[in-house]
Amino acid sequence: MKSEPDEVSIDDLAAAPQRAFPWTGVRNYQARNFMRDAMQPGDLAFFYHSGCKEPGIAGICEICSDSYPDPTQFSATDKYHDPKSTPEQPRWWLRDVRFVSRSRLLGLGELRRHPELAGMRVLARGNRLSITPVTAAEWQFITGQLLAPSN
DNA sequence: GCCAACGTTGGC
DNA sequence: GCCAACGTTGGC
-3 MKSEPDEVSI DDLAAAPQRA FPWTGVRNYQ ARNFMRDAMQ PGDLAFFYHS
47 GCKEPGIAGI CEICSDSYPD PTQFSATDKY HDPKSTPEQP RWWLRDVRFV
97 SRSRLLGLGE LRRHPELAGM RVLARGNRLS ITPVTAAEWQ FITGQLLAPS
147 N
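The structure is reproduced here in structure tokens:
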């Protein structure tokens, strides 16, 4: 799950009440579908910092709610307002995420260096999805790398 | 249903 | 700040 740390970082999640908040602002259908349909409470996700000086995995969070309509879509003053959404027919759904841990910054360049991660969705050429699936093998490999010294 | 124009993402 | 890549919009 990608977020720009200037907006919302892993530190913000750690500092939030209950160490959790709703993952607002996803406005891409594919990313929405992954969050709404493919996730379930208890799933873990990498918290990825994008659009910043050092993009990469910065920590781990846990999905901690069922999906429900993103409230920001209904708020005319919100930057994520969607005039085509109504409470009767919401377009955008989200889940709450809870802080699990920070990690060392596992940078994009480092991720790309590992052949084990060559097929990782988030690394695919031209990928712009802010939420992408991680395979079990990718998850295990990366968590192993997070335990290893930086290189 | 096609496709050009436009806006956004996100690494560099 | 640049720009490649991609999704969305809207005219036809």
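Numbered by the working numbering, the letters in the first sequence go through residues -3 to 147 in order.
Where a beta carbon is used, it is the ideal one built from N, C-alpha and C, also for glycine.
The model shown is predicted, which means the values in this text are computed figures rather than measured ones.
C-beta atoms of F17 and D74 nearer than 8 Å = no
Distance CB(F70)-CB(S61) smaller than 8 Å = no
By how many angstroms is the C-alpha of W19 removed from the C-alpha of R87?
-> 15 Å
Closest by C-alpha distance to P65, when choosing among G52, A34, I56, V22 = V22
From the DSSP output, read off the bridge partner residues of E84.
-> Answer by DSSP bridge pairing: none, since E84 is not bridged.
Which word fits S(-1), buried or exposed, when buried means at least 16 other C-beta atoms lie within 10 angstroms of its C-beta?
-> buried
Could you pull out every residue in the same chain whose Cβ sits closer than 6 Å to the Cβ of S63, ignoring the five residues on either side in sequence?
-> R32, W89, R91
Could you check which residue in Y76, T68, A10 has the C-alpha nearest to that of A54?
-> A10
Between C57, D39, Q26, which lies nearest to A12 when the distance is taken from Cα to Cα?
-> C57
Going by DSSP, which residues form a beta bridge with L119?
-> DSSP lists no partner for L119.
Note down, in chain order, each residue of its chain lying with its Cβ closer than 7 Å to the Cβ of G47, except the 5 sequence neighbours on either side.
-> E0
Check Y64 in the structure and name its three-state DSSP category.
-> strand
Give the straight-line distance between the Cα atoms of A41 and P79, rounded to the nearest whole angstrom.
-> 30 Å
Proximal residues to P149 (C-beta, below 8 Å), its chain only, five neighbours per side dropped | Residue coverage of the chain in this structure runs from -3 to 147, which leaves residue 149 outside it and unanswerable.
So, helix, strand or coil for Y44, using DSSP?
-> strand
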